[in-house]
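**Student:** Take the numbering used here: the final residue in the sequence shown is number 569, and no numbers are missing along the way. Where is the CB? At the ideal position from N, CA and C, for every residue including glycine. If you're wondering where the values come from, they're calculated on a predicted model, not measured in any experiment.
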Amino acid sequence: RKILEEMQIMMMMVLLLCSIIFITILYFQKQTTQKKSKTPASPPRFPLIGNLHQLGHHPHRSLCYLIHHYGPLMLLHFGRVPVLVVSSAVVARDVLKTHDLVFASRPRSKIYEKLLYDGRDVALAPYGEYWRQMKSVCVLHLLSNKMVRSFRDVREEEISLMMEKIRESGSSPMNLSKLLANLTNDVICRVALGKKYSGETDFKKLIERFTRLMGAFSVGTYVPWLAWIDWIRGLDGQLEKTGNDLDEFFERVVQDHVDGDGDRNDFVDVLLAIQRDKSVGFDIDRLSIKAIILDIFVAGSDTSYTLMEWAMTELLRHPECLNRLQEEVRTICKGKSSVSQEDVQDMNYLKAVIKEALRLHPPLPLMVPHESTQDVILRDYHIPAGTQVMINVWAIGREAATWGPDVEEFRPERHLDSSVDFRGQDFELIPFGAGRRICPAISFAAVLNEVVLANLVHRFDWRFPVESREDQTGVAESTGLAIHRMFPLYAIASSIT
Ligand code: HEM
């Protein structure tokens with residue numbers, strides 16, 4: 073028995089020794105591979121949290137500041153997750169064009185899983201057949217030029233209601249931010265869901281909860297063994313409840329369409345028709361319909377209103393630009409009571425104003441994160457599969473080499489003699505992204521923004537209220553995914569008739 077015990081101890085010692093040797097070999101192998109493969113420059117990081125402490129309230133600004141030390145291609149670590157940060161047009165081209173296929177996926181996150189049907193939507197679905205099919209439905213059936221034109225009546229009705237409200241405000245300061253947010257919300261709701269929900273307080277509160285949670289930080293996503301912190305601080309519970317409430321709301325909307333007369337032509341109707349007729353060559357189920365509609369709603373309203381809010385802010389801060397825009401719009405629309413989709417075609421200064429607002433204030437300054445699906449060599453650096461990528465569009469819009477020394481100035485004139493456009497071909501201006509994951513709604517957003525802005529300046533002169541404080545006329549930014557003004561924009565409109 074003693075011999076048996078001694079043998080057992082010996083065996084354990086041998087096993088322990090083997091494990092130590094094995095771990096040591098692995099460690100040295102890893103060190104050598106790391107030394108052999110070049111990785112992009114990285115700021116020093118803390119154990120566990122990595123570089124998370126360097127993000128601050130406005131990550132696009134903090135990351136832009138780091139370029140001075142580490143260049144336009146940096147490798148950071150958010151907890152255990154490697155994150156590549158791209159801050160120049162040249163590197164963005166390499167990621168979104170040369171290696172587009174490798175970087176076309178999206179990272180997983182607890183927040184997206186709970187709120188966006190676990191990646192069954194378009195915007196956050198991992199790259200693959202499902203995403204390809206859903207995106208083609210969006211591009212060909214929901215957001216095509218033909219559909220954009222067909223929503224003309226909705227747009228015009230909502231704009232004219234907004235103009236009426238402005239007229240009624242007389243010479244008192246009005247909350248233009250709120251007005252623009254309601255307008256985009258109403259247009260998207262009517263186009264996507266068939267009716268407006270802005271009068272429903274519960275719906276408004278639900279969307280507020282949703283937006284807040286989309287901008288929340290989940291510790292467990294980056295440091296899995298600290299996931300319990302999310303539970304203790306109530307994030308898990310809130311995600312569960314909001315996800316369920318949203319699903320209940322969208323289930324009701326889809327069921328109303330199934331039970332209704334079906335003579336509307338909103339996105340839910342189009343998707344139900346595709347499901348019924350199997351006209352796209354693949355099955356689309358109820359969950360996918362709800363996920364796409366939620367996507368359109370979320371991706372569409374916050375971004376468009378943010379752009380209009382920034383454009384109006386800059387025009388109010390630069391009366392000479394506002395005057396030039398008014399001159400263009402009033403000349404082209406002389407004698408007309410409103411500006412139409414056709415009228416804006418020839419408004420070059422209006423288009424320049426929108427480009428300049430997108431350059432200085434891209435609504436999604438870090439776009440939507442991408443993720444690599446294979447190992448790849450990017451600019452001589454070895455980037456392993458599973459690396460997240462953040463494209464800092466905000467920093468790209470401020471590259472002095474492209475835009476000149478006055479990058480911080482709002483100067484729409486810089487776009488007048490330039491062919492640079494935001495449709496994904498010119499990497500110096502990519503507020504809608506580029507490559508496979510590009511925003512499918514560029515035409516939808518462009519028409520809406522152009523027609524709204526043109527109408528606002530056509531019938532009214534605008535100024536800041538005299539008593540405005542610096543924070544009200546300034547460009548302080550909110551926190552979150554879409555960056556809008558920190559404080560609502562108040563302005564006084566005087567009717568020109
Ligand atoms: C000014 C307005 C808008 C801006 C600046 C904007 C910007 C963006 C950006 C930066 C992306 C990510 C691109 C990438 O990852 O490479 C995106 C994706 C997307 N956007 Fe937009 N967007 C706007 C309006 C809209 C509207 C109105 C809709 C729908 C009606 C929409 C629907 C989507 C969808 C579905 C995606 C996901 C595409 C994918 O992952 O394949 N967007 N958008």
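#1: Just to confirm my understanding: we take Cys-405, look at its own chain, exclude 5 residues before and 5 after, and list those with CB closer than 7 Å. What are they?
#2: Between the segment 460 to 467 and the segment 150 to 162, can you find at least three pairs of beta-carbon atoms closer than 8 Å?
#3: Check this for me: beta carbons of Trp-382 and Pro-296, under 9 Å apart or not?
#4: Out of Ala-518, Gln-446, Val-524, Ala-424, which has the shortest C-alpha to C-alpha gap to Val-492?
#5: Are Ile-361 and Val-326 touching if we call contact CB-CB under 9 Å?
#6: Check Gln-103 in the structure and name its three-state DSSP category.
#7: Mind pulling the alpha helix (DSSP H) runs of 4 or more residues that sit fully within the segment 510 to 536?
#8: Can you give me the Cβ contacts of Lys-107 inside the same chain, cut-off strictly under 6 Å, excluding the 5 residues immediately before and after it?
#9: What alpha helix (DSSP H) runs, 4 residues minimum, are completely inside the segment 462 to 519?
#10: Who pairs with Gln-460 in a beta bridge, going by DSSP?
#11: So the candidates are Tyr-453, Asp-374, Leu-387, Met-235; which of them puts its Cα closest to the Cα of Phe-482?
#12: Any heavy atom of the ligand HEM closer than 8 Å to the Cβ of Thr-378?
#13: What span of residues does the alpha helix (DSSP H) with His-390 cover, start to end?
#14: Excluding the 5 residues preceding and the 5 following Val-226 in the sequence, name in chain order all residues of the same chain whose CB lies nearer than 7 Å to its CB.
#15: Taking Lys-427 as the reference, which of Trp-475, Val-440, Leu-88 has the closest Cα?
#16: Output the distance between the C-alpha atoms of Glu-549 and Ile-555, rounded to the nearest integer angstrom.
#17: Tell me, to the nearest whole angstrom, how far the beta carbon of Val-194 is from that of Asp-367; I am working on the premise that it is less than 8 Å.
#18: Cβ of Leu-397 within 9 Å of Cβ of Leu-501?
#19: Below 7 Å CB to CB, which residues in the same chain sit around Ser-567 once its five sequence neighbours on both sides are set aside?
#20: In chain order, what residues of the same chain lie with their CB nearer than 8 Å to the CB of Asp-452, ignoring the 5 residues before and after it?
#21: Could you work out which residue in Lys-408, Ser-290, Leu-145 is closest to Arg-305 when comparing CA atoms only?
#22: On the CB-based measure, 16 or more other CB atoms within 10 Å of its CB, does Gln-103 come out buried or exposed?
#23: Can you check whether the CB of His-433 is closer than 9 Å to the CB of Ala-176?
#24: Going by CA-CA distance only, name the one from Glu-78, Val-479, Ile-279 that's closest to Val-370.
#25: When you compare each of Phe-499, Leu-311, Tyr-421 to Thr-283 by their alpha carbons, which one comes out closest?
#26: Could you check if Glu-236 is buried or exposed, using at least 16 other CB atoms within 10 Å of its CB as the buried criterion?
#27: Quick one: using the 10 Å Cβ neighbour count with 16 as the cut-off for buried, is Asp-331 buried or exposed?
#28: Could you please give the first and the last residue of the uninterrupted alpha helix (DSSP H) stretch that includes Met-234?
#29: Which residue or residues does DSSP assign as beta-bridge partners of Val-448?
#30: Does the beta-carbon distance from Gly-353 to Lys-186 come in below 9 Å?
#31: Compute every distance between the C-beta of Trp-300 and the non-hydrogen atoms of the ligand HEM, then say whether any falls below 8 Å.
#32: What span of residues does the beta strand (DSSP E) with Leu-147 cover, start to end?
#33: Apart from the five residues on each side of it in sequence, which residues of its chain come closer than 7 Å, Cβ to Cβ, to Arg-509?
#34: Report, in whole angstroms, the separation of the C-beta atoms of Leu-255 and Val-524, which I expect to be a contact under 8 Å.
**Tutor:** In brief:
#1: If we look at Cys-405 and ignore the five residues flanking it on each side, its Cβ neighbours are Val-411, Asp-415, His-530.
#2: yes
#3: Taking C-beta atoms as the reference points, Trp-382 and Pro-296 fail to come closer than 9 Å.
#4: The residue with the shortest Cα to Cα distance from Val-492 is Ala-424.
#5: yes
#6: Bear in mind that the predicted position of Gln-103 carries a pLDDT of just 48, short of 50, making it unreliable; the figure below should be weighed with that in mind. Correct three-state label for Gln-103: helix.
#7: 514 to 531
#8: Residue confidence is low: Lys-107 scores 48 on pLDDT, short of 50, so the model does not pin down where it sits. Its coordinate-derived value is still stated next. Within the same chain, Lys-107 has no close Cβ partners at all.
#9: 465 to 468, 472 to 475
#10: Val-155, Glu-443
#11: Leu-387
#12: yes
#13: His-390 -> no alpha helix (DSSP H), and no H or E assigned at all.
#14: Val-259, Arg-262, Val-263
#15: Trp-475
#16: 6 Å
#17: 5 Å
#18: no
#19: Arg-239, Arg-531, Phe-532
#20: Lys-110
#21: Among Lys-408, Ser-290, Leu-145, the Cα nearest to that of Arg-305 is on Ser-290.
#22: In this prediction, Gln-103 scores a pLDDT of 48, lower than 50, which makes its location untrustworthy; no coordinate-derived value is stated.
#23: no
#24: Ile-279
#25: Just measuring C-alpha positions, the residue of Phe-499, Leu-311, Tyr-421 sitting nearest Thr-283 is Leu-311.
#26: Classification for Glu-236: exposed.
#27: exposed
#28: Run containing Met-234: 224 to 240, per the alpha helix (DSSP H) assignment.
#29: Ile-455
#30: Taking 9 Å as the Cβ cut-off, Gly-353 and Lys-186 do not qualify as a contacting pair.
#31: No, since every heavy atom of the ligand HEM falls outside the 8 Å radius drawn around the Cβ of Trp-300.
#32: 145 to 150
#33: Ala-176, His-442
#34: 7 Å
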